[in-house]
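Here the structure is laid out as structure tokens; the discussion comes afterwards.
2 protein chains.
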Amino acid sequence: MKDVARVAGVSPMTVSRVVSGEPGVSPGTAARVEQAVRKLGYQRNDNARNLRQKNLGTSTIALVVDDLANPFYALMARSVEDEAHRRGYVVLVGSTNDEPRREREVIAAFTARQVDGLIIVPTKGGHGFLKQPMEGGTQVVCVDRPAKGLAVDTVTVDNRAGAERAVAHLLGHGHTRIAYLGDRYDIWTQRERHLGYLDALAAHGLPEDPDLVRHGLRSHREARAALAGLRALDRPPTALFTSNDLITLGVLDGLDHPAPVAIVGFDDLPLAERLSPPLTVVSQDPVAIGGTAANLLFARIGGDRSAPRSVVLLTRLLVRGSGEFRAETTTEHPGHQR
Amino acid sequence: MKDVARVAGVSPMTVSRVVSGEPGVSPGTAARVEQAVRKLGYQRNDNARNLRQKNLGTSTIALVVDDLANPFYALMARSVEDEAHRRGYVVLVGSTNDEPRREREVIAAFTARQVDGLIIVPTKGGHGFLKQPMEGGTQVVCVDRPAKGLAVDTVTVDNRAGAERAVAHLLGHGHTRIAYLGDRYDIWTQRERHLGYLDALAAHGLPEDPDLVRHGLRSHREARAALAGLRALDRPPTALFTSNDLITLGVLDGLDHPAPVAIVGFDDLPLAERLSPPLTVVSQDPVAIGGTAANLLFARIGGDRSAPRSVVLLTRLLVRGSGEFRAETTTEHPGHQR
DNA sequence: GTCCTGCTTGGTAACGTTCACATGCACTTC
DNA sequence: GAAGTGCATGTGAACGTTACCAAGCAGGAC
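From first to last, the protein sequence lines stand for chains A and B.
Under UniProt numbering, think of the first position of the first sequence as 1, with each following residue one higher.
Under UniProt numbering, think of the first position of the second sequence as 1, with each following residue one higher.
Following this line, the structure appears as structure tokens:
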């Protein structure tokens, strides 16, 4: 900037005014400065700028998700980024792998860079480390799951009701032996979906059969193995409720084709309509979720200091075919015997 | 930091030494400082730090992709982020939507924040605006496509050979009327894949039939419409080569079930194996691509000033079924007549 | 006792920018 | 013609940190 000032024959302050578009510079001077800027290829150092203008922010937010490679979070990230870009903000991203330690590291690196806001998919770990940054003015919004003991805006979906509807759908087609396949039970969404599963069973007067419930499936491979175990039971399930996209994929991979059991999965998948039978799913809208979270965050950054809100978006049951096998007929299917 | 210094009864310089882990502080003093840090919940301002330590970097890199919501780029992003995290770097991300203007805006916002390096999926626009930041020491790596006139490390795949192999595979099964459905022709990968298509035809002594070639398909919907046009021809194609994942999805959506034509797509898709028939694809490995790009970038950041390298990773043809219809039999298929 | 060595600690300035205020100048007002 | 008004520009300090160098002090060698 000093170089530009020298070339343009003005003080650095005047250059600052021109490159930041502030008023009070005569057109002639501004033109000379702009010419010098172009000649030298000068670009303002926004870090220095943000350091000086303390009360204004850094125009940077951060997004912390479980796994950016998961299409669900990728769609969310894109949605957040679009909202940020629209407002002239940039986005730092980090994946936690659902490990509290990595979450802490990533968030610390972000707050150390003075982000104006954080959108986080919280892990099961505590979030006391957020207290200081929040007192320092960093805004926080939780998404996908609430963070225990953290009073901030939160965007989730009706996991429990969505799962309940899915399982009720299977019950409505005559199934009574419905397996639950879920990810780690310490993940809030998984607990909620399991509760929804139990709600549906209870509404039909059915008790939970522990043999049919599998928690802690972290991968495609583990889901596939759990399925094999279920099908090896003396009385195998006639229907499956898979509690996230990864598990649904693993289960499909382990099944004959066409699938000899009814399936309803949580989370929609590309090509789900194209399977035979087409896959019935509970779908949530990651773009809406991300957009809502971003809007809440920017409202906070804009000065909104009202009480924390909790927004619950609705899931939809997309009935396509895989959940509509009648229980009676599945036992006759040749692929069904173990 | 001043507050911490006051509480610990030392100078800010000593606090700086402690929080940055520098040697030369007596254990007793260090303990007092650490206690004060905990008591006040102090966290170092890394922006101020980076401003002062000019020659060291900001430990921040940026990733600029076409569309973060595309699973291909999402996987790449996760891979880049993992490499960055491993080295204590954070990642800024931006989507260009393949618009040169948005690319410029996003990159300008990143360089203004003094990123140490950029990994970009370049749009067709010029990249002269990168010259100044590069002279200023910002390292740049291109990925997925080269940037015209920009001499930097570049990671791509063998698009042309991969497409050639895919089309040769169809030719090998007796097809002679093979349609090409591609995205915008000004995207380098699309031109390469189209060239591969032509290579395969030429190797079989076949001329290009302009009726069978569709460029510029930007969406699922447009791909579907293009397919309808192709099937309405007097002599419709008996096989399709779809030049990216989005187009493959759109085409599948527009076809009867099971598909009455042979299909090979560029880019693998989850559930591709589960379709009937399973989808034959040319697959590339986004994790390897992102990891390679990140390693090149960090080598540059680490001081490597050798001549720019161009790394070409290999694609694989995954033969699963959809490309193996014999041309003779497809004309008998009931779904085939228009 | 003097000098030197080595370690711990502090003071000052600087990174690149902008805030708050001061200055200079042309122009109006009575 | 003196004083006031308004705009364009410059000056110095500050944001939070660290590089550089100096100072203080204990312990050992002579």
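Cβ coordinates follow ideal geometry from the N, Cα and C atoms, glycine included.
Predicted, not measured: the structure shown is a model, and the values here were computed from it.
query: What residues are listed by DSSP as bridge partners for residue 179 of chain A?
result: Counted from its first residue, the first sequence places residue 179 of chain A at position 179. DSSP lists A:240 as partners of residue 179 of chain A.
**Outcome for residue 89 of chain B when other beta-carbon atoms lying within 10 angstroms are tallied against a minimum of 16** = Taking the second sequence and counting its residues from 1, the one referred to as residue 89 of chain B is at position 89. That one is buried.
- Going along the chain, which residues of its own chain have a beta-carbon closer than 6 angstroms to the beta-carbon of residue 331 of chain B, five neighbours each way excluded? Taking the first residue of the second sequence as position 1, residue 331 of chain B is located at position 331. With a pLDDT of only 42 at residue 331 of chain B, under 50, the local geometry of the prediction cannot be trusted, and the value read off the model is given with reservation. So no residue of the chain qualifies.
(message) Would residue 180 of chain B and residue 219 of chain B qualify as a contact pair, given that the criterion is a beta-carbon distance under 9 angstroms?
(response) Taking the second sequence and counting its residues from 1, one reaches residue 180 of chain B at position 180. Taking the second sequence and counting its residues from 1, one reaches residue 219 of chain B at position 219. Not closer than 9 angstroms, so no.
Of all the CB atoms in chain A, is at least one closer than 9 angstroms to the CB of residue 192 of chain B?
The sequence position of residue 192 of chain B within the second sequence is 192, counting from 1. Closer than 9 angstroms: no.
Tell me the DSSP secondary structure of residue 65 of chain A in three-state form. Within the first sequence, residue 65 of chain A is the residue found at index 65, counting from 1. Looking at residue 65 of chain A - three-state DSSP - the assignment turns out to be strand.
Query raised in the report: If you drop the 5 nearest sequence neighbours on each side, which residues of the same chain put their C-beta closer than 8 angstroms to that of residue 160 of chain A?
Result: Here residue 160 of chain A refers to the residue found at position 160 when the first sequence is read from its first residue. Answer for residue 160 of chain A: 192, 193, 195, 196, 199, listed in chain order.
What residue from B:290, B:210, B:99 has the CA that sits closest to residue 178 of chain B's CA?
The residue given as residue 178 of chain B occupies position 178 in the second sequence. Nearest option by C-alpha distance: B:210.
- Query: How would you write the range of the alpha helix (DSSP H) that residue 16 of chain A sits in, first residue to last?
  - Reply: Reading the first sequence from its first residue, position 16 is the one you call residue 16 of chain A. Element bounds for residue 16 of chain A: 12-19.
**Request:** Closer than 7 angstroms by beta-carbon distance: list the chain B residues that pair up with residue 132 of chain A, in chain order.
**Result:** Here the question's residue 132 of chain A lines up with position 132 in the first sequence. Simply 41, 43.
- Compile a chain-ordered list of the residues in the segment 104-120 of chain B whose CB is closer than 9 angstroms to at least one CB of chain A. 105, 106, 108, 109, 110, 111, 112, 113, 114
**Request:** Decide yes or no for the touch test of the segment 163-174 of chain B against the segment 291-311 of chain B: beta carbon pairs closer than 8 angstroms, at least 3 of them.
**Result:** no
* Asked: According to the Cβ coordinates, are residue 37 of chain B and residue 60 of chain B closer than 9 angstroms?
  -> What you label residue 37 of chain B is simply residue 37 of the second sequence in a count that begins at 1. What you label residue 60 of chain B is simply residue 60 of the second sequence in a count that begins at 1. Contact: no.
Practice item. Could you name the residues of the same chain whose beta carbon sits closer than 6 angstroms to that of residue 385 of chain A, not counting the 5 residues immediately before and after it, in chain order? Key: One cannot answer for residue 385 of chain A here, as it falls past the ends of chain A, which runs 1 to 338.
- Message: Taking contact to mean 3 or more Cβ pairs, one atom from each stretch, closer than 8 angstroms, check whether the segment 139-148 of chain A and the segment 50-60 of chain B are in contact.
- Response: no
*asked:* For a cutoff of 9 angstroms on Cβ pairs, would you count residue 11 of chain A as touching chain B?
replied: For the purposes of this step, residue 11 of chain A is taken as the residue at position 11 of the first sequence. Taking Cβ atoms only, chain B never reaches closer than 9 angstroms to residue 11 of chain A, which makes this a no.
Fill in: Neighbour-count burial assignment, residue 22 of chain A, 16 or more Cβ in a 10 Å radius
In the first sequence, counting from the first residue as 1, residue 22 of chain A sits at position 22. Exposed, by the Cβ-count rule.
- In this structure, does DSSP put residue 330 of chain B in helix, strand or coil? If you number the second sequence from 1, residue 330 of chain B lands on position 330. Note that residue 330 of chain B scores a pLDDT of 42, beneath 50, so its modelled location is shaky; the value from the coordinates is reported in the next line. Residue 330 of chain B: helix per DSSP, three-state reduction.
Could one say the Cβ of residue 334 of chain B lies closer than 9 angstroms to chain A's Cβ atoms, at least one of them? The residue you call residue 334 of chain B lines up with position 334 of the second sequence. Residue placement at residue 334 of chain B is poorly supported in this model, since its pLDDT is 41, which falls under 50; the coordinates still yield a value, given next. By this cut-off, residue 334 of chain B is not an interface position.
Distance between beta carbons of residue 262 of chain A and residue 239 of chain A, contact taken as under 8 angstroms: The count along the first sequence starts at 1 and reaches residue 239 of chain A at position 239. The count along the first sequence starts at 1 and reaches residue 262 of chain A at position 262. Confirmed, about 4 angstroms.
#### Entry: Simplified DSSP state of residue 153 of chain A, which is helix, strand or coil
Looking up residue 153 of chain A in the first sequence gives position 153. Note: residue 153 of chain A maps to strand in three-state DSSP.
Using three-state DSSP, classify residue 319 of chain B as helix, strand or coil. Counted from its first residue, the second sequence places residue 319 of chain B at position 319. Note: residue 319 of chain B maps to coil in three-state DSSP.
#### Entry: Whether residue 313 of chain B touches residue 283 of chain B by CB criterion (9 angstroms)
In the second sequence, counting from the first residue as 1, residue 313 of chain B sits at position 313. In the second sequence, counting from the first residue as 1, residue 283 of chain B sits at position 283. No, the Cβ-Cβ distance between residue 313 of chain B and residue 283 of chain B is not below 9 angstroms.
In chain B, which residues lie less than 8 angstroms from residue 81 of chain A when you measure between Cβ atoms? Taking the first residue of the first sequence as 1, we reach residue 81 of chain A at position 81. By Cβ distance, chain B contributes 68, 93, 94, 95.
Exercise. Would you verify that the beta carbon of residue 6 of chain A is, or is not, closer than 9 angstroms to some beta carbon of chain B?
Key: The residue given as residue 6 of chain A occupies position 6 in the first sequence. Not one chain B Cβ lies under 9 angstroms of residue 6 of chain A.
Point to revise | chain A residues whose Cβ lies nearer than 8 angstroms to that of residue 75 of chain B | key: Taking the second sequence and counting its residues from 1, one reaches residue 75 of chain B at position 75. In chain order: 69.
For this session: Label residue 26 of chain B either buried or exposed according to how many other C-beta atoms from any shown protein chain fall within 10 Å of its C-beta, with 16 as the threshold for buried.
Result: As a first step, residue 26 of chain B must be located in the second sequence, where it is residue number 26. Counting Cβ neighbours within 10 Å, residue 26 of chain B comes out exposed, since fewer than 16 surround it.
- Leaving out the 5 sequence neighbours to the left and right, which residues in its chain are closer than 7 angstroms to residue 152 of chain B when beta-carbon positions are compared? Taking the first residue of the second sequence as 1, we reach residue 152 of chain B at position 152. 140, 141, 142, 308.
The alpha helix (DSSP H) that contains residue 79 of chain B, what's its start and end?
As a position in the second sequence, residue 79 of chain B is number 79, starting the count at 1. Where residue 79 of chain B is concerned, the enclosing alpha helix (DSSP H) stretches over 71-86.
ask   = Does the distance from the C-beta atom of residue 310 of chain A to that of residue 156 of chain A stay below 9 angstroms?
value = The residue given as residue 310 of chain A occupies position 310 in the first sequence. The residue given as residue 156 of chain A occupies position 156 in the first sequence. Yes. Within cutoff.
inquiry  = Rounding to the nearest angstrom, what Cα-Cα distance links residue 338 of chain B and residue 259 of chain B in this structure?
reply    = On the second sequence, residue 338 of chain B is found 338 positions in, with the first residue counted as 1. On the second sequence, residue 259 of chain B is found 259 positions in, with the first residue counted as 1. Note on residue 338 of chain B: pLDDT 37, under 50, position unreliable in the model; the coordinate value appears next. Cα to Cα, residue 338 of chain B sits roughly 13 angstroms from residue 259 of chain B.
Worksheet item: In chain order, what residues of the same chain have a beta carbon less than 8 angstroms from the beta carbon of residue 329 of chain B, not counting five sequence neighbours either side?
Response: Locating residue 329 of chain B in the second sequence gives position 329, where the first residue counts as 1. Model confidence at residue 329 of chain B stands at a pLDDT of 45, short of 50, so the residue's coordinates are unreliable and nothing is read from them.
- How big is the Cα-Cα spacing for residue 234 of chain B and residue 227 of chain B? Locating residue 234 of chain B in the second sequence gives position 234, where the first residue counts as 1. Locating residue 227 of chain B in the second sequence gives position 227, where the first residue counts as 1. The straight-line gap from Cα to Cα measures roughly 14 angstroms.
Give me the chain A residues within the contact set of residue 317 of chain B, using Cβ-Cβ distance strictly less than 8 angstroms, ordered along the chain. As a position in the second sequence, residue 317 of chain B is number 317, starting the count at 1. Going along chain A, no residue has its Cβ under 8 angstroms from residue 317 of chain B, so there is no contact; the nearest lies around 20 angstroms.
- In chain B, which residues lie with their C-beta within 7 angstroms of the C-beta of residue 47 of chain A? Taking the first sequence and counting its residues from 1, one reaches residue 47 of chain A at position 47. Here the neighbours are 47, 50, 51, 113, 114.
- [ ] Answer with yes or no whether the minimum CB distance from residue 100 of chain A to chain B is below 9 angstroms.
- [x] Within the first sequence, residue 100 of chain A is the residue found at index 100, counting from 1. Judged by the 9 angstroms Cβ criterion, residue 100 of chain A is not in contact with chain B.
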